[in-house]
Every structure is written in C-alpha cells, then in structure tokens.
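Working notes, structure below.
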Amino acid sequence: MIYLDNAATTLPKPKSVKKAVGAALRESGGAGRGGHAAAVRAAEILFETRETAAGLFRMRDPERVIFTCNCTHALNIAIKSLAPRGGRVVTSGFEHNAVVRPLFRLSRENGVKVDVLPTPLFEPETAVELFDMALRGDVSLVVCTHVSNVFGYILPIERIWELCRRRGVPMIVDAAQSAGCLPIRGDAGPYYCMPGHKGLYGPQGTGLLLCPPPAGGGGVLRGLIEGGTGVASADPAMPNFYPERLEAGTPNAHSIAGLNAGMRFVVERGLASPAGRPEGAPPSGGLIARLERSLSAIWGVTTYAAKDLYGQSGVMSFTVEGRDPENVAARLAARGIAVRAGLHCAPHAHRTAGTLPGGTVRVSPGAFNTPGDVGKLAAAVRRL
C-alpha cells in the first residue's frame, strides 16, 4: 500500500517507536503508584518525554507539558477553561470540529458568542487584517489552527498572537498539522494543542497541551475530569500545580514512551515538513510541490495550493471534475493508494474555500514516502 494519509495518522512508524512501546509494556507499571522498579520506570518515561517535548518546543519548564489522550482532548481542556460564560470567541474560517463542536456546545449552554472570520484561502495578510479588526471589539478568546488540515494552509499565528498579546486576549492554537513540521515556541504565549500520532510519529491515544508561563500569557487551566494523581492524595481537590492538575487517572505510559521515541525521531531528522523538503525550501516543498505539478497538468483536476508553496505545509487537496471525491478515493484505494476524501471533519474550511458539499481528496505525505509514491498517485488519477 502507498500510504498518503499522514494528516490523519502517520504510518508507518519509526522502528524506535515500536521498540519503545514494547519495552514499556514489559517494564513499566503505574507512574506515581509505588516506589518499586516498575512504577519508577513509568515515572521516568513521563519525565523523559516531558523533557523531550520541552526541548523540541522550546519550553523552559517541562512540567507545563501536559499529557492528553489526543489533540481534541487538549483543545477541550483549553477552550472550556478559557472561554468565559457569555464571552466572545473569535476563530478562523479553517477550524476543525475539535474546535467547532466544543464552542458550539458552549454557545448553547453558556451563551458564548462565536465569530468565524471569513479568512480566505492562502491569504495570510487578509487573515491578519480580519483578526485585527475583530480584536478591536470585546473579545474573550481567540482560537486558530496553525495549519489547515484540509488545504495545508499555514495561518500567520505569530502575527495573530501579537495582536492578542497587545490586547490581553488569550489564544489557543490547534497544532494538529504543524507539530513536528513547523517551529513552535511553547513559551511564546499561546496554548498549543497537538496530537502525538501525526507529525510527532507517536502512537494513537497520545497528545500534548503546552501551557505558557504566566509571564507569557498563561493562566490556570482546569481539567475536564478529577481523580487520582499519585500525589496529594489526602486532598479532596485536584492539585493546584501542573502537570498533575490536568492529568487525572493513570497515565498511558506505554504509548507515551512511543511518543517520546517519535519526538526524538523528529529531532534527529531535523524539523521538517512531512512533505520531505530540503533545508531552506518552502514548508510544503519536495513531494507536495511535485504532486501539485503532476496533478495540475491533468485535464479536469483542480489543485488547492499556495502560489509559492511557502504558505503550505504537508497537505494538499484536489478535486476531479465530474467525480465525487469519495469515489475518487475509493478508486485509488482499489489501486493500493491510501488518501482521504470528504469534509475531513472541517466543514468550516470547505465553506471558506467553496468546496462544499462534496469536499476534496486530501493527500498528505509522510517521512517514509518517496517521489515514486507521488508519481504513482498522479498516474492513477490520470487514468481516472
């Protein structure tokens, strides 16, 4: 199988990830649940992984690296902590349902007002202008994806954060498609939410929430659940310090060990887009550029790509005239090529780009793909 669905989950995984998970299954017990060797080893895994994440994402305090079940879990913690009852939340027009649905619930239950800005595709300057105008009003929170999971569009989150910082507005960044691919500064101000199973090459069921220090704009988040933490057990309330405040229950040390190995893989190969770009090339470089050239040359195929590819990272969508995207993906799957089609859990992005109701076919190369894989995909599309 030619696997080109890495925006959903990276596959294959590095050998080191499989080895780390296997070793943890054999050696580790419950972190903080005893002083014996197996419990100590589990605690070491958690500590080592926080250290690796802090190094990769430039954070001074590893204890502000919070383990979650996935990116959705992290986003729910941050959104439900920072969006006040009756407040106003501003988002981009490219948000995933992991942002849209929590905000929808808060709008129904807590009277939160949600403004979705009509940020055009591959127009970062317009996005900055729209956020600047929106932030001149009374805004409680900004939530913005770093990279569109449908189009690979890199939104100008550093500039948007600067607008938020000046006005004292907290910001949450959905880094599902950027973690491991683009530079992230965890101490810079926004809360970053990310999965472990995509660009960080870890197992499914892992995620990270990066909490900035108070001096950088970070406040105190509240967890979604309460329970055991292995510390302060006599207190009926959750601990008031990170990371235990947000990590109730036994942590998934086995998969976290794999996440640690995945992040080390990213560090060792150098921070780069899963498109396989050389240093200094556009973030989407390499395989995405080759794919765009190949597909756009086929009659009836429309590609969605930034003009110079500097505004795109690791993901590209396309459509075929006269064919439903789901049909195209099924035909490719029958030829042993794995892509994703439809709305990709991001209807706002398709509404913004004008690709409703059918959506697009999404291609997302990973670290183990080759130019030959892209060539075979283009040939298969041409045969359609």
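Residue numbers (the numbering used here): 984 to 1367. Using N, Cα and C, we set each Cβ at its ideal position, and we do this for glycine too. In this text the structure is predicted, and so the values were computed from the model without any measurement.
Subject >> Same chain, Cβ closer than 7 Å to A1363, five either side skipped, listed in chain order >> reply: Working through the sequence shown from its first residue, we reach residue 1363 at position 380. Excluding sequence neighbours, A1363 sits near L1315, R1318, I1320.
Would the beta-carbon of A1061 fall within 8 Å of that of C1176? Numbered from 1 along the sequence shown, position 78 holds the residue referred to as residue 1061. Numbered from 1 along the sequence shown, position 193 holds the residue referred to as residue 1176. Going by C-beta atoms, A1061 is nearer than 8 Å to C1176.
**Asked** Out of curiosity, what's the CA-to-CA distance linking R1260 and D1121?
**Response** Looking up residue 1260 in the sequence shown gives position 277. Looking up residue 1121 in the sequence shown gives position 138. Note that R1260 has pLDDT 46, beneath the 50 cutoff, so the model's placement of it is unreliable and no number is given.
Would you say A1057 and L1089 are within 8 Å of each other, going by their C-beta atoms? Here the question's residue 1057 lines up with position 74 in the sequence shown. Here the question's residue 1089 lines up with position 106 in the sequence shown. No. Outside cutoff.
Rounded Cβ spacing between A1240 and A1003 (contact assumed at less than 8 Å):
Translated into positions along the sequence shown, residue 1240 becomes position 257. Translated into positions along the sequence shown, residue 1003 becomes position 20. Contact between A1240 and A1003 holds, with the beta-carbon distance rounding to 4 Å and staying under 8 Å.
Could you check the C-alpha separation between P1234 and E1010 for me, to the nearest Å?
Start at 1 with the first residue of the sequence shown, and residue 1234 comes out as number 251. Start at 1 with the first residue of the sequence shown, and residue 1010 comes out as number 27. Cα to Cα, P1234 sits roughly 15 Å from E1010.
Problem set entry | Collapsed DSSP secondary structure at K1290 in the structure displayed | Along the sequence shown, one-based indexing puts residue 1290 at 307. Note: K1290 maps to coil in three-state DSSP.
TODO: Under 8 Å Cβ to Cβ from L1113, same chain only, skipping five residues before and after it: list those, please.
DONE: Position 130 of the sequence shown, counted from the start, is the residue given in the question as residue 1113. These residues qualify, in order along the chain: L1100, P1101, T1102.
Roughly how many angstroms separate the alpha carbons of A990 and A1217, rounded to a whole number? The residue you call residue 990 lines up with position 7 of the sequence shown. The residue you call residue 1217 lines up with position 234 of the sequence shown. Each residue's alpha carbon lies about 43 Å from the other.
In the DSSP assignment, find the unbroken alpha helix (DSSP H) run with F1030 in it and report its ends.
In the sequence shown, counting from the first residue as 1, residue 1030 sits at position 47. Note, F1030: alpha helix (DSSP H), 1020-1039.
- request: Report all residues from its chain with a CB closer than 7 Å to the CB of G988; omit the five preceding and five following residues, and keep chain order.
  value: Against the sequence shown, residue 988 aligns to sequence position 5. Residue identity check: residue 988 is Asp in the sequence provided, not Gly. These residues qualify, in order along the chain: A1321, V1322, R1323, S1347.
Compute the beta-carbon to beta-carbon distance between G1206 and R1228, rounded to the nearest angstrom, for a pair I have assumed lies under 8 Å. The count along the sequence shown starts at 1 and reaches residue 1206 at position 223. The count along the sequence shown starts at 1 and reaches residue 1228 at position 245. About 6 Å separates the two Cβ atoms, so the contact holds.
Applying the 10 Å Cβ sphere with the 16-neighbour rule, what's the burial state of K998? Within the sequence shown, the letter at position 15 stands for residue 998. Here K998 is exposed: its Cβ has fewer than 16 other Cβ atoms, across all protein chains shown, within 10 Å.
**Asked** In terms of residue numbering, what span does the beta strand (DSSP E) encompassing D1157 cover?
**Response** Residue 1157 sits at position 174 when you count from the first residue of the sequence shown. It spans 1154-1157 - the beta strand (DSSP E) in which D1157 sits, taken as one unbroken run.
TODO: Would you please state the rounded distance, in angstroms, between the beta carbons of Y1225 and I1049? I believe it to be under 8 Å.
DONE: Counting from 1 along the sequence shown, the entry for residue 1225 is found at position 242. Counting from 1 along the sequence shown, the entry for residue 1049 is found at position 66. Indeed, because the Cβ distance is near 7 Å, the residues count as touching under 8 Å.
Where does P1257 sit, in a helix, a strand or coil, going by DSSP? Here residue 1257 refers to the residue found at position 274 of the sequence shown. The predicted position of P1257 is uncertain, since its pLDDT is 41 and thus under 50; a value taken from the coordinates is nonetheless stated next. Reduced to three states, the DSSP call for P1257 is coil.
Quiz prompt | Whole-number beta carbon distance between R1047 and P1196, since they are thought to touch under 8 Å | solution = If you number the sequence shown from 1, residue 1196 lands on position 213. If you number the sequence shown from 1, residue 1047 lands on position 64. Confirmed, about 7 Å.
* Is the distance from the Cβ of H1327 to the Cβ of G1342 below 8 Å? -> Residue mapping note: residue 1327 aligns to position 344 of the sequence shown, counting from 1. Residue mapping note: residue 1342 aligns to position 359 of the sequence shown, counting from 1. Cβ distance < 8 Å, so H1327 and G1342 count as in contact.
### Task
At 4 residues or longer, and completely inside the stretch 1301-1359: list those alpha helix (DSSP H) runs for me, N to C.
1308-1317, 1330-1336
query = Does the distance from the CB of S1300 to the CB of L1165 come in under 8 Å?
reply = For the purposes of this step, residue 1300 is taken as residue 317 along the sequence shown, with counting starting at 1. For the purposes of this step, residue 1165 is taken as residue 182 along the sequence shown, with counting starting at 1. Contact: no.
| said: Please list the terminal residues of the continuous alpha helix (DSSP H) segment that includes R1091. | reply: The residue labelled residue 1091 in the question sits at position 108 within the sequence shown. Where R1091 is concerned, the enclosing alpha helix (DSSP H) stretches over 1080-1093.
For G1182 versus T1335, is the C-beta spacing smaller than 8 Å?
As a working note, residue 1182 is residue 199 in the sequence shown. As a working note, residue 1335 is residue 352 in the sequence shown. By the CB criterion at 8 Å, G1182 and T1335 fall outside the cutoff.
Rounded to whole angstroms, what's the CA-CA distance from E1369 to H1019? Just pull it up for me.
-> The chain is shown from 984 up to 1367; residue 1369 falls before or after that span and cannot be answered.
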